[in-house]
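Q:
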Amino acid sequence: MLVLTCSVARNTFTARFLQAWLPKRTIRLPSMELATIEDVGKIVRPALDRGILENIEDLNRNNPKDFMEAFLKKNTAFAILSHRWSDDELSFQDICKLSLVTPEAVTTFIQQCSKRSPQSTSTEVINKLVELSGGSTPPSDGGPTMLHRLMDLCPHISECTGLVKLIKFCDLAFEQHKCELAWIDTCCINKTSSAELDESIRSMFRWYRNSSICIVHLGSTKSWPPPSPDSFDLSSHDPWFSRGWTLQELLAPRVVKFYGSKWKPCTTASNDKSDQLVASVTQARGLIHLYGNKTMVDMLSTITSIPTTELLDFEPGLEDVKLRLSWASQRATTRIEDMAYCLLGLFNVSMPIAYGEGEVAFYRLQAAIMERSNDRNLFLWTGRPSPYSSMLANGPECFKPRHGRSDNHAVHRDMDESHLEPTYTLTNNGLRIPVSLYNRDYTATWLDSLPEYQSTDQLDRFDRETQKQCRLAVLGHSASGRPIHMLLFVRQFRDHVYYERYTKWQPCALYDADRKPGKPEIIFIK
169 MLVLTCSVAR NTFTARFLQA WLPKRTIRLP SMELATIEDV GKIVRPALDR
219 GILENIEDLN RNNPKDFMEA FLKKNTAFAI LSHRWSDDEL SFQDICKLSL
269 VTPEAVTTFI QQCSKRSPQS TSTEVINKLV ELSGGSTPPS DGGPTMLHRL
319 MDLCPHISEC TGLVKLIKFC DLAFEQHKCE LAWIDTCCIN KTSSAELDES
369 IRSMFRWYRN SSICIVHLGS TKSWPPPSPD SFDLSSHDPW FSRGWTLQEL
419 LAPRVVKFYG SKWKPCTTAS NDKSDQLVAS VTQARGLIHL YGNKTMVDML
469 STITSIPTTE LLDFEPGLED VKLRLSWASQ RATTRIEDMA YCLLGLFNVS
519 MPIAYGEGEV AFYRLQAAIM ERSNDRNLFL WTGRPSPYSS MLANGPECFK
569 PRHGRSDNHA VHRDMDESHL EPTYTLTNNG LRIPVSLYNR DYTATWLDSL
619 PEYQSTDQLD RFDRETQKQC RLAVLGHSAS GRPIHMLLFV RQFRDHVYYE
669 RYTKWQPCAL YDADRKPGKP EIIFIK
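Mapping of the sequence shown onto the numbering used here: position 286 corresponds to residue 454, and the numbering continues sequentially without gaps.
1. Given N439, which residues of its chain have a CB within under 6 Å of its CB, disregarding the five upstream and five downstream residues?
2. Less than 7 Å between C-beta atoms, sequence neighbours within five positions excluded: which residues of the same chain meet that for Y150?
3. Give the single residue among R252, S250 and K296 whose Cα lies nearest to the Cα of E272.
4. Between the Cα of C510 and the Cα atoms of Q674, M372, W189 and Q498, which residue gives the shortest distance?
5. Go through its chain and collect everything with a Cβ distance to A677's Cβ below 6 Å, but skip five positions before and after it.
6. Does the Cβ-Cβ distance between L221 and T182 come in under 8 Å?
7. DSSP three-state label for A677, please.
8. Might you give, ordered along the chain, the residues of its own chain that have their beta carbon closer than 6 Å to the beta carbon of G551, omitting 5 neighbours on each side?
9. Using only alpha-carbon positions, find the residue among L643, A363 and F239 that is nearest to L186.
10. Between the region 349 to 362 and the region 255 to 272, do at least 3 Cβ pairs fall closer than 8 Å?
11. Label C695 either buried or exposed according to how many other C-beta atoms from any shown protein chain fall within 10 Å of its C-beta, with 16 as the threshold for buried.
12. Closer than 7 Å by C-beta to W549: which residues in its own chain qualify, once you throw out the five before and the five after it? Chain order, please.
13. Given a cut-off of 8 Å on the beta-carbon distance, is the pair F246 and T194 in contact?
14. Taking the Cβ atom as the reference point for each residue, do Y427 and L386 lie within a distance shorter than 8 Å?
15. With a CB to CB cut of under 7 Å and the five nearest residues on each side skipped, what residues in its chain are close to I537?
16. Rounded to whole angstroms, what's the CA-CA distance from E292 to T329? Just pull it up for me.
17. Helix, strand or coil, according to DSSP, for C338 in the structure here?
18. On the DSSP letters alone, give me the boundaries of the beta strand (DSSP E) that C638 sits inside.
19. What number of angstroms, rounded off, separates the C-alpha of T436 from the C-alpha of K390?
20. Which residue from P214, R669, S282 and T275 puts its Cα closest to that of P555?
21. Just to confirm, are G686 and S617 a CB contact at a threshold of 8 Å?
22. Give me the DSSP bridge partner(s) of I205.
23. Near Q444, what residues of its chain come up, given a Cβ to Cβ distance below 7 Å and the 5 sequence neighbours on each side ignored?
24. Buried or exposed: which applies to S380, given that a residue is buried once 16 or more other Cβ atoms fall within 10 Å of its Cβ?
25. Return helix, strand or coil for L216, following the three-state DSSP convention.
26. Alpha carbon to alpha carbon, what distance is there between N231 and M319?
27. For the beta strand (DSSP E) that contains F426, what are its first and last residues?
28. When you compare only the Cα positions, how much space is there between D401 and L493?
29. Give me the Cα-Cα distance between V332 and A341, rounded to the nearest whole angstrom.
30. For L268, collect the residues of the same chain with a Cβ closer than 7 Å to its Cβ; drop the 5 residues on either side in sequence, then sort them by chain order.
31. Confirm, please, whether the CB-CB distance from I278 to L321 is below 8 Å.
32. So W375 is in the alpha helix (DSSP H); what residue range does that whole segment cover?
33. Excluding the 5 residues flanking R600 on each side, which residues of the same chain have their C-beta closer than 7 Å to its C-beta?
34. Terminal residues of the continuous beta strand (DSSP E) containing C382?
35. Taking I205 and L227 to be in contact with their CB atoms under 8 Å, please state how far apart those CB atoms are, rounded to whole angstroms.
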């Protein structure tokens, strides 16, 4: 009961909880001031103290920490934005300046709009508002007016997409979703601090998961869902669905609400990431009958190829590694490294952020996954290998689902037929992994017998000398008990023998391999 009777203990508990719960900075609504976690703590502590006093008898019978956690979650509920960046986004420095703006300056700016040439950027508008404020301190009781005044400003700065986006998002968060805190990635992170950027990227999934609501702005979509439920195609939908970062922004939050480019809701549902039947805003135009019994999650699943069960109740971790990587296979990021960083939260793994490392980032992501997982399906990919290991993919595009592939071509970890030690590790000499090898003669005979080897470009035509360097190997077994094979090249450096994977051919179950391989042995694959 110390946490109830001692204010120091309560304050310590509150500080630790908020550090784990909230983003490093949020925007206070409706005052539009940037607030640190410490600022939020100072605001919420008096209310928490009153809540404890009002419920002291119940707390004496129950766990007070549970009460405090529930109270803090409710009273620090925050909205979070998911969007595509434009060329006119606000920075951390801009939002700091915005806290210096007075409602009177906004009113003056609006009055002068007809006499002034339009401001070209959001930063220029904020600088002018700060100038008009003249160093005055915004009145403490003018908070509610500030957001409303900024909403009045929007029609006069329509070309300033970043500032308008911030204002519209905050207005929705406060007025429609009753949140007094908001977070947006463009301006709530001080990107001049590499340490803060590193911490923010590694915390991003947790912040989206903890949000009261994730507001998704489909900036290129005027109306949605589309006119026909059969017209779902990622390329024909808003670019939001093809970006790398928005994958975790869809999966992490419990509550998601989609809005079109004009900030109109796409559906009438309170939570678009739910199994509610579609009730579209296009209903008045008679289009709703086309959707029958489809839910919003059905539509999202069709567009993203993510199973509805995962959309409804996604948990980060190392289950179905290959499947989760496939969800990112048709997505893109502006910076190469972000294609790895945006997936950290999905697998609940962590690694240092190092912009400038390029393709090394995705290699390190796979290495981080291997440190905690023995799922050999990580090696079932096709395409360009990592420059640092022939067993690892160069990027998530290598995990794009192949037509006709089924679970019979996936390694089933519970099959006992392989007798393969599940442990494998990356070393300075390559991937140390137990496999079962076929001998050289059988591998050559098998290669000559393959129809695709003889008649298509799927496999290179090897001369006899090259064939002597090939080895067919068993990576594991499928759910039906069939061996999953891969093709390796034998390499030798001095007295050391190692292998390289033939990457033009994805490991799969072979139905015509009629000979058993050798006993399991540990090899190194570079």
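Quick reminder that beta carbons are idealized off the backbone N, C-alpha and C, glycines included.
Source: prediction; values computed, not measured.
A: In short, the structure shows the following:
1. Residue mapping note: residue 439 aligns to position 271 of the sequence shown, counting from 1. Excluding sequence neighbours, N439 sits near V423.
2. Since the first residue shown for the chain is 169 and the last is 694, residue 150 is missing from the structure and cannot be characterised.
3. Locating residue 272 in the sequence shown gives position 104, where the first residue counts as 1. Measuring from the Cα of E272, the nearest candidate turns out to be K296.
4. Here residue 510 corresponds to residue number 342 of the sequence shown, with the count starting at 1. Nearest to C510 by C-alpha distance, out of Q674, M372, W189 and Q498, is M372.
5. Here residue 677 refers to the residue found at position 509 when the sequence shown is read from its first residue. Once the five neighbours on either side are set aside, the close Cβ partners of A677 are N576, H577, S646, R650 and I652.
6. Counting from 1 along the sequence shown, the entry for residue 221 is found at position 53. Counting from 1 along the sequence shown, the entry for residue 182 is found at position 14. Result no, Cβ atoms of L221 and T182 do not sit closer than 8 Å.
7. Along the sequence shown, read from residue 1 onward, the residue named residue 677 stands at position 509. DSSP, read as helix, strand or coil, puts A677 in strand.
8. As a first step, residue 551 is located in the sequence shown; it is residue number 383 there, counting from the start. Taken in chain order, the residues that qualify are C566.
9. Along the sequence shown, one-based indexing puts residue 186 at 18. Cα-wise, what sits closest to L186 is F239.
10. yes
11. The chain is shown only over 169 to 694; residue 695 falls outside these bounds and no answer can be derived.
12. Your numbering for residue 549 matches position 381 in the sequence shown. Answer for W549: A561, C566, F567 and Q674, listed in chain order.
13. One-based indexing of the sequence shown puts residue 246 at position 78. One-based indexing of the sequence shown puts residue 194 at position 26. The answer is yes: Cβ separation under 8 Å.
14. Position 259 of the sequence shown, counted from the start, is the residue given in the question as residue 427. Position 218 of the sequence shown, counted from the start, is the residue given in the question as residue 386. Yes; because the gap between Cβ atoms is below 8 Å, this pair is in contact.
15. Here the question's residue 537 lines up with position 369 in the sequence shown. The answer, listed in chain order, is L486, V489, F515, V517 and L546.
16. Walking along the sequence shown from the start, residue 292 turns up at place 124. Walking along the sequence shown from the start, residue 329 turns up at place 161. Cα to Cα, E292 sits roughly 12 Å from T329.
17. In the sequence shown, the residue the question calls residue 338 occupies position 170. Looking at C338 - three-state DSSP - the assignment turns out to be helix.
18. Here residue 638 corresponds to residue number 470 of the sequence shown, with the count starting at 1. C638 to H645 is the extent of the beta strand (DSSP E) around C638.
19. Mapped onto the sequence shown, residue 436 falls at position 268. Mapped onto the sequence shown, residue 390 falls at position 222. Distance between the alpha carbons of T436 and K390 is about 16 Å.
20. If you number the sequence shown from 1, residue 555 lands on position 387. Checked all of P214, R669, S282 and T275; the closest Cα to P555 is R669.
21. Along the sequence shown, read from residue 1 onward, the residue named residue 686 stands at position 518. Along the sequence shown, read from residue 1 onward, the residue named residue 617 stands at position 449. No.
22. Residue mapping note: residue 205 aligns to position 37 of the sequence shown, counting from 1. Note: I205 sits in no beta bridge, so no partner.
23. By one-based count along the sequence shown, residue 444 stands at place 276. The residues are A437, T463 and M464.
24. The residue you call residue 380 lines up with position 212 of the sequence shown. So S380 ends up on the buried side.
25. Residue 216 sits at position 48 when you count from the first residue of the sequence shown. Looking at L216 - three-state DSSP - the assignment turns out to be helix.
26. In the sequence shown, residue 319 corresponds to position 151, counting from 1. In the sequence shown, residue 231 corresponds to position 63, counting from 1. A direct Cα-Cα distance of roughly 44 Å separates M319 from N231.
27. Here residue 426 refers to the residue found at position 258 of the sequence shown. That run of the beta strand (DSSP E) goes V424 to Y427.
28. Indexing the sequence shown from 1 puts residue 401 at position 233. Indexing the sequence shown from 1 puts residue 493 at position 325. Annotation note: pLDDT 47 at D401 (below 50); position unreliable, coordinate value reported separately. Their Cα atoms are separated by approximately 19 Å.
29. The residue given as residue 332 occupies position 164 in the sequence shown. The residue given as residue 341 occupies position 173 in the sequence shown. So the two alpha carbons sit approximately 14 Å from each other.
30. Position 100 of the sequence shown, counted from the start, is the residue given in the question as residue 268. Excluding positions up to five away in sequence, the list reads V298 and S301.
31. Here residue 321 refers to the residue found at position 153 when the sequence shown is read from its first residue. Here residue 278 refers to the residue found at position 110 when the sequence shown is read from its first residue. It is a contact, given that the beta carbons lie within the stated cut-off.
32. By 1-based counting over the sequence shown, the position of residue 375 is 207. Taken as a continuous stretch (DSSP letters only), the alpha helix (DSSP H) holding W375 covers S362 to N378.
33. Here residue 600 refers to the residue found at position 432 when the sequence shown is read from its first residue. In the same chain as R600, and ignoring 5 residues on each side of it, the C-beta atoms closer than 7 Å to its own belong to Y592, T593, I690 and F692, in chain order.
34. In the sequence shown, counting from the first residue as 1, residue 382 sits at position 214. C382 -> beta strand (DSSP E) spans I381 to H385.
35. The sequence position of residue 205 within the sequence shown is 37, counting from 1. The sequence position of residue 227 within the sequence shown is 59, counting from 1. Rounded, the Cβ-Cβ distance is 25 Å, inconsistent with contact.
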